[in-house]
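What follows is a short report on a single structure.
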Amino acid sequence: MRDFKTILVTGGAGFIGSNLIRYLLSDKSGFTGRIVNLDALTYAGNPDSLADIDKRLGGKRYFFLKADICDRKAVEKAFTDYAIDAVCHLAAESHVDRSILGPEAFIRTNVMGTFTLLDVARIAWKDRSDVLFHHVSTDEVFGSLGDSGFFTETTPYDPRSPYSASKASSDHLVMAYHHTYHLPVTLTNCSNNYGPYQFPEKLVPVMILNMIEDKPLPVYGDGKNIRDWLYVEDHNSAVWTVMQNGVLGQTYNIGGENEWENIKLLDRLIDLVAEESGKSSASLRSLITYVKDRPGHDRRYAIDCSKLKTELGWRQSVTFDEGLRKTVRWYLDNSGWINRVRSGEYRTWMDVNYTQR
Ligand code: NAD
Ligand code: DAU
145 MRDFKTILVT
155 GGAGFIGSNL
165 IRYLLSDKSG
175 FTGRIVNLDA
185 LTYAGNPDSL
195 ADIDKRLGGK
205 RYFFLKADIC
215 DRKAVEKAFT
225 DYAIDAVCHL
235 AAESHVDRSI
245 LGPEAFIRTN
255 VMGTFTLLDV
265 ARIAWKDRSD
275 VLFHHVSTDE
285 VFGSLGDSGF
295 FTETTPYDPR
305 SPYSASKASS
315 DHLVMAYHHT
325 YHLPVTLTNC
335 SNNYGPYQFP
345 EKLVPVMILN
355 MIEDKPLPVY
365 GDGKNIRDWL
375 YVEDHNSAVW
385 TVMQNGVLGQ
395 TYNIGGENEW
405 ENIKLLDRLI
415 DLVAEESGKS
425 SASLRSLITY
435 VKDRPGHDRR
445 YAIDCSKLKT
455 ELGWRQSVTF
465 DEGLRKTVRW
475 YLDNSGWINR
485 VRSGEYRTWM
495 DVNYTQR
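First residue of the sequence shown: 145, per our numbering; consecutive thereafter.
So, in structure tokens, the structure goes:
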């Protein structure tokens, strides 16, 4: 089993990254080293998400660096100053709708940023074998499924949005650095995450917050697109399993084995929000509004994660109902976090986008 002294987590102020740092620094992971969180704090990054960790462990086991992954000098300095021996790379532009409106930032961060990190790691680590570059990627690189079948680790890449094309490029660069320079790498492709601290532009938090505020619940197209939902802590336990025990140069799919049509998920979410908030489910249902579809909207994603389960013994830990209820409760209880992330640039972008639809 691999062990690390100091892990550089990129994008640790985002949704999955902040949950990952929380997980790694908890007793659940068994990790005893230090975390360096390197994040540019774009609209999606929020240091509030780790304020309690910073207070408790800042300067001891937790360090925050505000820096851009495309800034080579800043990344080199992080490697030198903190003697980094593992990278868990999550920093990215992550929202498909935004990539349709403005693809350039996605190419810059997801492609050039990943290249910069890989190249700094290659030079800093030379021939060391006690180090690891782990890349967090998405099932969207595999394209869109019909009514049957699953994405496996050998499914050919077929990205269809600027976001997924940029993530596919980053995956290829990671594997190219392994094959060409023998950089020790592992890679995971996961399905849709949900849970606390998710920026309110993705389906689950958009719907919960709109229900709380009695706003329309915007369903794209016919609402029958399918996603495979994975609780964020289960995603992060899988990433950590792969970082410790995954075979170098290999990819592992991570999924919830939990497919839902968007409209059916919304139906379930309405009942949970009604139960937890005391609102009437009938009045919440009346907010459902079908809106113009996302261009190039992938129809169905479904992950076969049997490799991860059989070879590395990972399992999901929560049912969808348990995970969704915890998530609903978290958004109901954390209005301070919500108000802060919804100020400024986010609101402007959302207003423009909503009018366009
Ligand atoms: P997010 O948008 O919530 O967070 C991204 C973080 O990256 C933010 O903190 C942001 O400030 C930071 N960042 C962006 N550009 C940067 C740059 N140039 N330099 C440094 N930091 C930068 O994203 P997320 O949902 O937490 O996703 C994390 C990773 O997981 C991404 O790589 C994404 O592609 C992948 N992923 C996400 C999901 C999902 O369902 N959310 C599923 C599969 C894969
Ligand atoms: O599959 C993994 C991917 O999941 C990640 O790589 C991405 O970073 C992450 O954003 C997510 O992409 P999706 O496009 O699947 O997620 P999103 O939450 O944007 O949308 C989920 C589904 O819900 C999709 O079919 C579009 C639909 N949708 C979304 C929003 C925001 C709606 O119907 N209404 C909405 O308001």
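The C-beta atom is built at its ideal place from N, Cα and C for all residues, glycine as well.
On the premise that residue j lies in contact with residue i, defined as a C-beta separation below 8 Å, what is that separation, rounded to the nearest angstrom?
i: Ser238; j: Ala312; result: Contact doesn't hold; Cβ gap of about 14 Å is too wide.
i: Arg371; j: Ser425; result: About 22 Å; that fails the 8 Å criterion.
i: Pro303; j: Gly287; result: 7 Å
i: His279; j: Val386; result: 10 Å between Cβ atoms; not a contact.
i: Tyr167; j: Glu466; result: That belief does not hold up - the Cβ atoms of Tyr167 and Glu466 are roughly 17 Å apart, past 8 Å.
i: Pro439; j: Ile244; result: 6 Å
i: Tyr285; j: Asp315; result: Looking at the sequence itself, residue 285 is Val, so the reference to Tyr does not match. About 6 Å separates the two Cβ atoms, so the contact holds.
i: Pro344; j: Arg469; result: The Cβ separation is near 18 Å, so there is no contact.
i: Asp229; j: Thr150; result: 6 Å
i: Gly339; j: Tyr375; result: 6 Å
i: Leu413; j: Met351; result: 6 Å
Should residue i be counted as a contact of the ligand DAU given a C-beta to heavy atom distance under 6 Å?
i: Asn336; result: yes
i: Glu284; result: yes
i: Val363; result: yes
i: Val329; result: no
i: Asn406; result: yes
i: Val240; result: yes
i: Arg444; result: no
i: Lys346; result: yes
i: Arg304; result: no
i: Asn371; result: Here the sequence assigns Arg to residue 371, which means Asn is not the residue at that position. Yes, the ligand DAU has a heavy atom inside 6 Å of this Cβ.
Answer yes or no: the CB of residue i versus the heavy atoms of the ligand NAD, is any distance below 6 Å?
i: Gly189; result: yes
i: Ile290; result: For clarity, residue 290 is Gly in the given sequence; the question names Ile instead. No; taking the cut-off as 6 Å, the Cβ of Gly290 has no heavy atom of the ligand NAD nearer than that.
i: Val350; result: no
i: Val280; result: yes
i: Leu185; result: yes
i: Phe277; result: no
i: Ile267; result: no
i: Ser487; result: no
i: Thr253; result: yes
i: Ile165; result: no
i: Leu234; result: yes
i: Gly287; result: no
i: Ala157; result: yes
i: Asp212; result: yes
i: Ile414; result: no
(message) Quick test of the definition: if touching needs 3 or more C-beta pairs under 8 Å, does the region 342-362 touch the region 422-440?
(response) yes
(message) Could you tell me which whole alpha helix (DSSP H) segments of length 4 or greater appear in the region 223-266?
(response) 240-245
(request) Spell out a yes or no on whether the region 172-186 and the region 194-211 are touching, meaning 3 or more CB-CB pairs, one atom from each, closer than 8 Å. (result) yes
(message) Which complete beta strand (DSSP E) runs does the region 149-228 hold, if anything under 3 residues is left out?
(response) 150-154, 178-183, 206-210
(request) Within the region 286-344, note down every full beta strand (DSSP E) run reaching 3 residues or more, in order along the chain. (result) 329-334, 336-338
(message) To test your reading of the DSSP string, which unbroken beta strand (DSSP E) runs of 3 or more residues are found completely within the region 384-460?
(response) 395-398, 403-405, 432-435
(request) Count the C-beta pairs between the region 395-408 and the region 469-485 that are closer than 8 Å, then say yes if the count reaches three, no if not. (result) no
(message) Three or more C-beta pairs under 8 Å: does that hold for the region 311-329 against the region 437-450?
(response) no
(message) Tell me whether the region 241-256 and the region 326-342 touch, counting them as touching only if at least three CB pairs, one residue from each stretch, are closer than 8 Å.
(response) no
(message) When you compare the region 264-283 with the region 193-204, are there three or more beta-carbon pairs, one atom per stretch, that lie closer than 8 Å?
(response) no
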